[in-house]
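These protein sequence lines map, in sequence, to chains A and B.
Everything in the first sequence is counted per the numbering used here, starting at 2 for the first residue and increasing by one.
Everything in the second sequence is counted per the numbering used here, starting at 1466 for the first residue and increasing by one.
Written below as structure tokens is the structure these notes are about.
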Amino acid sequence: MKKLGFIVLLIIIMIPSVFATAEREAASGYEVAMITDIGDIDDKSFNQGTWEGVEKFAMDNDLTHKYYKPTEKTTDAYVAAIDLAIQGGAKIIVTPGFLFEPAIFRAQDLYPDTSFILIDGFPQDGTYTEFRIESNVYSIFYAEQESGFLAGYAAVKDGYTKLGFMGGMAVPAVVRFGYGFVQGAEYAAQEMGIDAVILKYTYTGNFDATPENQALAASWFGGGTEVIFAAGGKVGNSVMAAAEANNGKVIGVDVDQSAESTSVISSAMKQLGISVYLGLEEYYAGNFKGGVSEVLDVTVDAVGLPMGNSKFNSFSQADYDEIFNMLVNDTAGVKSGIIGDGGMGGPDSAEALPVEIVSVTVVQ
Amino acid sequence: MSSIFFLIQQTMFFSIPLLVVALGGMFSERSGIVNIALEGIMIMGAFASIFVINGLQDFIQGQGLLLIAILVALASGMVFSLLHAYASVNMRANQVISGTALNMFAPAFATFIARTVQGVKEIGFTNTFRIESVPMLGKIPLLGPMFFQNTYITTFIGIIILVAAWFTLFKTRFGLRLRSCGENPQAADSVGINVSKIRYAGVLISGALAGLGGLIFVVPTSTSFNATVSGYGFLALAVLIFGQWNPKRIFLSAFFFGLMKTISATYSGIPFLQDLSISKDIYKMIPYIATLIVLAISSRNSQAPKAVGVPYDKGTR
């Protein structure tokens, strides 16, 4: 009886792995590799967006591809994962997240024959004293502040005057989303001549769906906040849960999150997949932007709102196109006037942003 | 006034899962088996039940679906805890290690199965279970908005479980036997009680309740299940110890934890708390400081079951 149970258990365990190996045996090496950051490949956010770009390019061009998950969140583990990917035949490795900065700093010298696409980061030695980029690294930043700006602008234009911002951890990309949101709301308020816009602003310190995050969002909605911009991975799911129970609205982040909840009115996106795709395309066409670090913004359509899936009351596609074109052409210095984050010469706290109509309350 | 109602409603979302899971832990520990696998069992219960909700929500919604999910959560938690019972009772394994193994296994299992079946780890669900206002009861002044508006049927199930747990433990023959196996299994065995059976029962009840706790935890908190319950299983263990393995005290400590956590999470949205002009840091510290103080006062007479954690060996009779 015991033996039989054991055999049944073994079979149950082995069935899925048989399928898995069948898939893997198709190729001997993996040319295009990605190393995941905190969170999983299917996080419906950062990693997934990047992976979709890798996958699409590899499928279109019939290349072998694979992702690797570091054993832990340390530079050593990241370098080990990079090494593993290279052992596995990787020619180009995509690494999403600023946590990879020190790992790429080391890897660019260790593996000069391999190319790297580093998203949201610039190679540095781990202490922010030495910055250096070699010809085998292409570093991509996004102008998250412009995406946040569009979200804040659209929200105020759509008639909301009590806003909230709930970021995850205060990492540079999240801060840029938040600062842009505040300034976008200010810009719309000035344009419309509104007297006052109230904006509650916080970083939850995590990227998880927890009762704490849900309770915080619920208390804001209960206290009159109409729409919360949730820029923190799974924090957004807690905000959506709170919004559904309190008739609130949510603006999602990174990717189009309209499918996750009916409370999502729009999402401040950055087109991870598209830019990874373009980066890979350039590599295989022989004009890899090695040694280059660039910020992708509205001018290359790298950030923006998914208007097709947005649920605004009055803010229309035409309104969106107008502000978007103003940003693209930098009309009246709108785009260049947006303050990114503390590291880019901006203030350390959102309360110190130069806004007049929007009153920002930072909640710690 | 509405802020107070809001505080109480939110406190329920924190307290009820803690209460149910801690009561589960109580049944196990009162029978003599340490159960630190509560976290893992919560994950399994939530995983199985949310999976069922995800599969069935196109066909049925609302309370009917939630009741099905509750049954699934109870059953899956119970099945999963069988592993712990087998290791601790039959194999006389170290109960802490067995529990740790389950805690490590559960999220990995949930992730693996979810990916194998649906491609992604995250299991989404649509929340159709919230009760805006309970018919009749919701209209009672004061009590209505506090307990019968913006609530879930699981809140009341939690309270029923509390009463049932108290009754079972102190007013039934089974309860007496359960307690005796946790205090002195040798003596219990000598009067003809089957210690293995009772301990199995204790662990299975704890598994069922922890599984249910996992479901209750996830439903109001998120719009998807992501193979984690954010350490609430361990917090429930703290509530159990804080509550001195006694249903009434567990109830009080679950609500104490819940209220403190709610205050620290929501003070920024509640006008009268903001008007008190207390530093933000104080609010953040409240749950921890209050716990320290209460523990310092109450921990002098710890009432842990005497035989908890010791595998029963007939030879020691």
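Glycine included, each C-beta is placed from N, C-alpha and C at the ideal position.
The structure presented is a predicted model; accordingly, all values stated were derived computationally and were not measured.
Could you tell me the alpha carbon to alpha carbon distance between A/Lys235 and A/Gly249, rounded to whole angstroms? As a working note, residue 235 of chain A is residue 234 in the first sequence. As a working note, residue 249 of chain A is residue 248 in the first sequence. Here the C-alpha atom of A/Lys235 lies approximately 17 Å from the C-alpha atom of A/Gly249.
Report yes if the C-beta distance between A/Phe117 and A/Asn137 is below 8 Å; otherwise report no. Within the first sequence, residue 117 of chain A is the residue found at index 116, counting from 1. Within the first sequence, residue 137 of chain A is the residue found at index 136, counting from 1. Yes. Within cutoff.
Identify, in the order they occur along the chain, each residue of the same chain with its Cβ nearer than 7 Å to the Cβ of A/Ile87, setting aside the five sequence neighbours on each side. Start at 1 with the first residue of the first sequence, and residue 87 of chain A comes out as number 86. Hits under 7 Å: Tyr112, Thr115.
Across the region 1705 to 1720 of chain B and the region 1614 to 1633 of chain B, are there enough close Cβ pairs to call them in contact, namely three or more that are closer than 8 Å? In short, these stretches touch, since the Cβ pair count reaches three.
Given this structure, state the Cα-to-Cα distance separating A/Ala34 from B/Ala1579, to the nearest angstrom. On the first sequence, residue 34 of chain A is found 33 positions in, with the first residue counted as 1. On the second sequence, residue 1579 of chain B is found 114 positions in, with the first residue counted as 1. Going from the Cα of A/Ala34 to the Cα of B/Ala1579 covers about 24 Å.
Against chain A: residues of the region 1469 to 1483 of chain B by CB proximity under 7 Å: Answer set for the region 1469 to 1483 of chain B: Phe1471, Gln1475, Phe1478, Phe1479.
Using 8 Å as the Cβ pair cut-off and three pairs as the minimum, do the region 124 to 131 of chain A and the region 60 to 69 of chain A touch? Touching, no, given that fewer than three Cβ pairs across the two stretches are closer than 8 Å.
Looking at C-alpha atoms only, which residue of A/Glu32, A/Asp38, A/Ala82 is the closest neighbour of A/Phe58? As a working note, residue 58 of chain A is residue 57 in the first sequence. Comparing Cα positions, the closest option is A/Glu32.
Would you check whether the ligand FMN has a heavy atom nearer than 7 Å to the C-beta of B/Gly1520? This structure simply doesn't include the ligand FMN, nor any ligand for that matter.
Which word fits A/Tyr321, buried or exposed, when buried means at least 16 other C-beta atoms lie within 10 angstroms of its C-beta? Stepping through the first sequence from its first residue, residue 321 of chain A is reached at position 320. Buried is the call here.
Top-ranked residue by Cα proximity to B/Val1582, from B/Gln1528, B/Ser1718, B/Phe1516, B/Ala1502: If you number the second sequence from 1, residue 1582 of chain B lands on position 117. Closest by C-alpha distance to B/Val1582, out of B/Gln1528, B/Ser1718, B/Phe1516, B/Ala1502, is B/Phe1516.
Once you ignore the five residues that flank B/Ile1735 on each side, which residues in its own chain have a CB closer than 6 Å to its CB? Numbered from its first residue, the second sequence carries residue 1735 of chain B at position 270. The residues are Ser1468.
So, with DSSP's three-state summary, where would you put A/Val329? Residue mapping note: residue 329 of chain A aligns to position 328 of the first sequence, counting from 1. A/Val329 sits in a helix when the DSSP states are folded into three classes.
Quick check: what's the CA-CA separation for B/Gly1609 versus B/Pro1572? In the second sequence, counting from the first residue as 1, residue 1609 of chain B sits at position 144. In the second sequence, counting from the first residue as 1, residue 1572 of chain B sits at position 107. The straight-line gap from Cα to Cα measures roughly 38 Å.
Show which residues of chain B have a CB atom less than 8 Å away from the CB atom of A/Trp221. The residue you call residue 221 of chain A lines up with position 220 of the first sequence. Simply Ser1733, Gly1734.
Leaving aside the five residues before and after B/Thr1570 along the sequence, list all residues of the same chain whose C-beta is less than 8 Å from its C-beta, in chain order. Working through the second sequence from its first residue, we reach residue 1570 of chain B at position 105. Inspection of the sequence shows that residue 1570 of chain B is occupied by Phe rather than by Thr. The beta carbon of B/Phe1570 sits closer than 8 Å to those of Gly1505, all from its chain and outside the five residues before and after it, given in chain order.
What does the Cβ neighbour count give for A/Ala286, buried or exposed, with the cut at 16 atoms within 10 Å? Indexing the first sequence from 1 puts residue 286 of chain A at position 285. With fewer than 16 other Cβ atoms within 10 Å, it is exposed.
Any alpha helix (DSSP H) of 4 or more consecutive residues that is wholly inside the region 1751 to 1776 of chain B: Whole alpha helix (DSSP H) segments, 4+ residues: zero.
Would the region 134 to 152 of chain A and the region 201 to 209 of chain A be scored as touching if the rule is three or more Cβ pairs under 8 Å? These segments do not touch.
Extent of the continuous alpha helix (DSSP H) run through A/Phe47: For this step, residue 47 of chain A is matched to residue 46 along the first sequence. Start and end: 47 to 61.
What's the gap between the Cα of A/Glu278 and the Cα of A/Val95? Position 277 of the first sequence holds residue 278 of chain A. Position 94 of the first sequence holds residue 95 of chain A. Residue identity differs from the one stated: residue 278 of chain A is Tyr in this sequence, not Glu. Roughly 11 Å separates the two Cα atoms.
Could you name the residues of the same chain whose beta carbon sits closer than 7 Å to that of B/Tyr1748, not counting the 5 residues immediately before and after it, in chain order? Counted from its first residue, the second sequence places residue 1748 of chain B at position 283. Around B/Tyr1748: Ile1728, Ser1729, Tyr1732.
Status (buried if at least 16 other CB within 10 Å, exposed otherwise) for A/Ser337: By one-based count along the first sequence, residue 337 of chain A stands at place 336. That one is exposed.
Do the region 1686 to 1693 of chain B and the region 1506 to 1514 of chain B touch if we need at least three Cβ pairs shorter than 8 Å? Flag = yes, the region 1686 to 1693 of chain B and the region 1506 to 1514 of chain B touch.
In terms of residue numbering, what span does the alpha helix (DSSP H) encompassing A/Gly194 cover? Residue mapping note: residue 194 of chain A aligns to position 193 of the first sequence, counting from 1. From DSSP, A/Gly194 is part of no alpha helix (DSSP H); its letter is neither H nor E.
Looking at the strands, I want to know which residues DSSP matches up with A/Glu32. Locating residue 32 of chain A in the first sequence gives position 31, where the first residue counts as 1. Looking at the DSSP output, A/Glu32 bridges to nothing.
Using C-beta distances below 8 Å, list every residue in its chain close to B/Tyr1665, excluding the 5 sequence neighbours before and after it, in chain order. Your numbering for residue 1665 of chain B matches position 200 in the second sequence. Taking C-beta separations shorter than 8 Å and ignoring five residues to either side along the sequence, the partners of B/Tyr1665 in its chain run Ala1550, Val1554, following chain order.
Quick one, which residues of the region 41 to 56 of chain A are near chain B if we go by CB-CB under 7 Å, in chain order? Within the region 41 to 56 of chain A, the residues whose Cβ lies closer than 7 Å to some Cβ of chain B are Asp41, Asp43, Lys45, listed in chain order.
Short of 9 Å Cβ to Cβ, which residues in the region 1605 to 1627 of chain B face chain A? Going along the region 1605 to 1627 of chain B in chain order, one finds Asn1615 with a Cβ nearer than 9 Å to chain A.
Run through chain A and tell me which residues come within less than 9 Å of B/Glu1504, C-beta to C-beta. Residue numbering aside, residue 1504 of chain B sits at position 39 when the second sequence is read from its first letter. Ordered by position in chain A, no residue passes the 9 Å Cβ test against B/Glu1504, which lies about 14 Å from the chain.
Exposure label - B/Asn1592; buried when at least 16 CB within 10 Å: Walking along the second sequence from the start, residue 1592 of chain B turns up at place 127. So B/Asn1592 ends up on the buried side.
Look at A/Leu297 and A/Ser276 and say whether their C-beta atoms are less than 8 Å apart. As a first step, residue 297 of chain A must be located in the first sequence, where it is residue number 296. As a first step, residue 276 of chain A must be located in the first sequence, where it is residue number 275. Contact flag set, yes.
Contact set between A/Pro212 and chain B, taken where Cβ atoms lie within less than 7 Å: Reading the first sequence from its first residue, position 211 is the one you call residue 212 of chain A. Near A/Pro212 (Cβ distances below 7 Å), the residues of chain B are Phe1478, Phe1479, Thr1686.
Any residues in the region 1580 to 1595 of chain B with a beta carbon nearer than 8 Å to a beta carbon of chain A? Which ones, in chain order? Listed in sequence order: Arg1580, Thr1581, Gly1584, Val1585, Lys1586, Glu1587, Gly1589, Asn1592, Arg1595.
Leaving aside the five residues before and after B/Ser1541 along the sequence, list all residues of the same chain whose C-beta is less than 8 Å from its C-beta, in chain order. Locating residue 1541 of chain B in the second sequence gives position 76, counting from the first residue. For B/Ser1541, where only same-chain residues beyond five positions count, the Cβ hits under 8 Å are Met1509, Gly1510, Phe1512, Ala1513, Ser1514, Gly1676.
Let me confirm a value: B/Lys1586 is counted as buried when at least 16 other C-beta atoms fall within 10 Å, else exposed. Which label applies? On the second sequence, residue 1586 of chain B is found 121 positions in, with the first residue counted as 1. By the neighbour-count rule (16 or more Cβ atoms within 10 Å), B/Lys1586 is buried.
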